[in-house]
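Respectively, the protein sequence lines represent chains A and B.
Residue numbers for the first sequence follow the working numbering, beginning at 1 and rising by one.
Residue numbers for the second sequence follow the working numbering, beginning at 1001 and rising by one.
To keep things clear, I will list the structure first and then write my remarks on it.
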Amino acid sequence: AQSVTQLDSQVPVFEEAPVELRCNYSSSVSVYLFWYVQYPNQGLQLLLKYLSGSTLVKGINGFEAEFNKSQTSFHLRKPSVHISDTAEYFCAVSVRSGANNLFFGTGTRLTVIP
Amino acid sequence: DTAVSQTPKYLVTQMGNDKSIKCEQNLGHDTMYWYKQDSKKFLKIMFSYNNKELIINETVPNRFSPKSPDKAHLNLHINSLELGDSAVYFCASSQDILQPQHFGDGTRLSIL
Chain A
1 AQSVTQLDSQ VPVFEEAPVE LRCNYSSSVS VYLFWYVQYP NQGLQLLLKY LSGSTLVKGI
61 NGFEAEFNKS QTSFHLRKPS VHISDTAEYF CAVSVRSGAN NLFFGTGTRL TVIP
Chain B
1001 DTAVSQTPKY LVTQMGNDKS IKCEQNLGHD TMYWYKQDSK KFLKIMFSYN NKELIINETV
1061 PNRFSPKSPD KAHLNLHINS LELGDSAVYF CASSQDILQP QHFGDGTRLS IL
């Protein structure tokens, strides 16, 4: 079975400061990894994904994430946040075989403080 | 053009009623999904359909039934609604396992 842990339910950060949102996963098989963002009253939008290859993945809006297999982590980072980055962020995994079923973490609420 | 569209956006109804939520995607994707997001923002897969065949059916009550008239549509029908069904329901679609899922804006279901 797969599971995703997002240790921080809320992360407040000042505007223009760097941020890291943590994600750890557990799986007995190889997985694909994703970060999605959810703005208020909207659906989820893909930020970035790791399928294979380089462990450092760059996404939209200046976000990046690094896959660390030994630590089973996929932390999301941004060097300088903006007010518009305030949203809920979800880490998700899907297994490399079988149905494309996403397992989500519980989400991290990023609040950017002016 | 909206890629994945859900209707209605809000649905308020009483316990015991039967309701449906519609989902349409214009991306030509082969697989569609339904997710439930509870009050704590936790997202969980409910169903997925691939080429009109159910390929995942998580442990959801049989009061929930997905209906797919064609590849572009996956509707969610709920019988005998209960208070615990209050949540936001998201539809999504993807081309295949290597492609990310595209989500609709959600349907907020409130049971009185």
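No residue lacks a Cβ here, since even glycine has one placed at the ideal position from N, Cα and C.
The structure displayed is predicted, hence computed values, not measured ones.
For K1040 (chain B), the closest C-alpha among the options B:D1096, B:P1100, B:V1088 is that of B:V1088.
Between the stretch 1071-1081 of chain B and the stretch 1017-1028 of chain B, the count of C-beta pairs closer than 8 Å reaches three or more; the two stretches touch.
Among the residues of the stretch 18-52 of chain A, those with a Cβ less than 7 Å away from any Cβ of chain B are F34, Q42, G43, L44, L46, K49, L51, in the order of the chain. Under the Cβ criterion of 7 Å, N61 (chain A) is not counted among the residues facing chain B. Taking the beta carbon of G1084 (chain B) as reference, no residue of chain A falls within 7 Å; the closest one sits roughly 18 Å away. Using beta-carbon distances, K1041 (chain B) counts as an interface residue toward chain A, with a partner under 7 Å. Counting C-beta pairs with one atom in each stretch, the stretch 20-39 of chain A and the stretch 79-90 of chain A have three or more that are closer than 8 Å, which means they touch. In the DSSP assignment, A87 (chain A) forms a beta bridge with A:L110. Between I1021 (chain B) and chain A, the shortest Cβ-Cβ separation is not below 7 Å. For T86 (chain A), no CB of chain B lies under 7 Å from its own CB, so it is not counted at the interface with that chain. Taking a C-beta distance under 7 Å as the contact criterion, N1057 (chain B) and F1047 (chain B) qualify as a contact pair. Boundaries of the beta strand (DSSP E) harbouring Q10 (chain A): 10-14, taken from the DSSP string.
In this structure, the CA atom of A17 (chain A) is about 10 Å from the CA atom of P114 (chain A). For V112 (chain A) and E15 (chain A), the gap between their C-alpha atoms comes out near 6 Å. If you check the CB distance, D1070 (chain B) and N1051 (chain B) do not come in under 7 Å. Between S1093 (chain B) and I1111 (chain B), the C-beta gap is not smaller than 7 Å, which leaves the two residues out of contact.
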